[in-house]
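Chains as they are written, first to last, in the working numbering: chain U, 14 to 121; chain C, 7 to 119. In what follows, a structure is listed as structure tokens, so that the remarks can point back to it.
Okay, here's the thing in structure tokens:
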């Protein structure tokens, strides 16, 4: 059974701080997707990483796929209250594997 | 495009009752996924369809759960009989290819009393 450990589970920070969320696995993924989910809504795709070592930037968000395609990180620079939400990683191989989610709260 | 449409948005029912959740995927998407989300277990894949055919239902918790996709524009997830532990948010998602971007519906929040 593939596992995708996501950490931290909960994170509460002040506006302007930086943060990093991690997804780690012992399994190799062909791709990994990061989603953000706001209360009462479904998850919305932020980015898909496919190549080992790949780095993608989306404004203040930086996503990295590990060289071995077993792990990924999401770094947010100068967090804002609008970044508040549940961040999910989903790894894709022979099956989909889900991280448990990181509930981020950015306080003004 | 209207996106993935789910109904109802909220459902409150009593234990033992039958519950039917509905989903309309994005037109042209060949894959449809049903998920369940709870605080304890996070997001779980229940079943997914390709071209209206169930491909993997290994995530379906037990025989009380069933899903159908009679045509490309409609799917149902049925729970019969429902139990309090079925309380969760149920999401439907669709995509145009298996590893592609999944577009999620707004979810149905189910409460079984």
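Glycine included, every Cβ here is placed at the ideal spot set by N, Cα and C.
Could you name the residues of chain U that residue i contacts, counting a contact when the two beta carbons are closer than 8 Å?
i              : result
residue 112(C) : 53, 54 and 55
Is residue i helix, strand or coil when you go by DSSP?
i              : result
residue 104(U) : strand
residue 69(C)  : coil
residue 47(C)  : coil
residue 62(C)  : strand
residue 96(U)  : helix
residue 76(C)  : strand
residue 80(U)  : coil
Since residue i meets chain U, which of its residues come closer than 7 Å, beta carbon to beta carbon?
i             : result
residue 48(C) : 111, 113 and 114
With a Cβ-Cβ cutoff of 8 Å, do residue i and residue j count as a contact?
i              : j             : result
residue 84(U)  : residue 38(U) : yes
residue 80(C)  : residue 55(U) : no
residue 145(C) : residue 39(C) : Outside the modelled stretch of chain C, which goes from 7 to 119, sits residue 145(C), for which no answer is possible.
residue 121(U) : residue 94(U) : yes
residue 55(C)  : residue 75(C) : yes
residue 117(C) : residue 18(C) : yes
Could you list which residues in chain C have their beta carbon closer than 8 Å to that of residue i, in chain order?
i             : result
residue 61(U) : 107
So is residue i buried or exposed if we call it buried at 16+ other beta carbons inside 10 Å?
i              : result
residue 43(C)  : buried
residue 47(C)  : exposed
residue 101(C) : buried
residue 61(C)  : exposed
residue 69(C)  : exposed
residue 81(U)  : exposed
residue 3(C)   : Any question about residue 3(C) goes unanswered here, given that chain C covers just 7 to 119.
Find the residues of chain C that neighbour residue i, judging by a C-beta separation of less than 9 Å, and give them in chain order.
i             : result
residue 58(U) : 107, 108, 109 and 110
Give, in chain order, every residue of the segment 73 to 98 of chain C whose Cβ lies closer than 8 Å to some Cβ of chain U. 97
Contact list for the segment 51 to 63 of chain C against chain U, Cβ threshold 9 Å: 51, 54 and 62
Which residues, in chain order, does the segment 95 to 107 of chain U contribute to contact with chain C at a C-beta distance below 7 Å? 101 and 105
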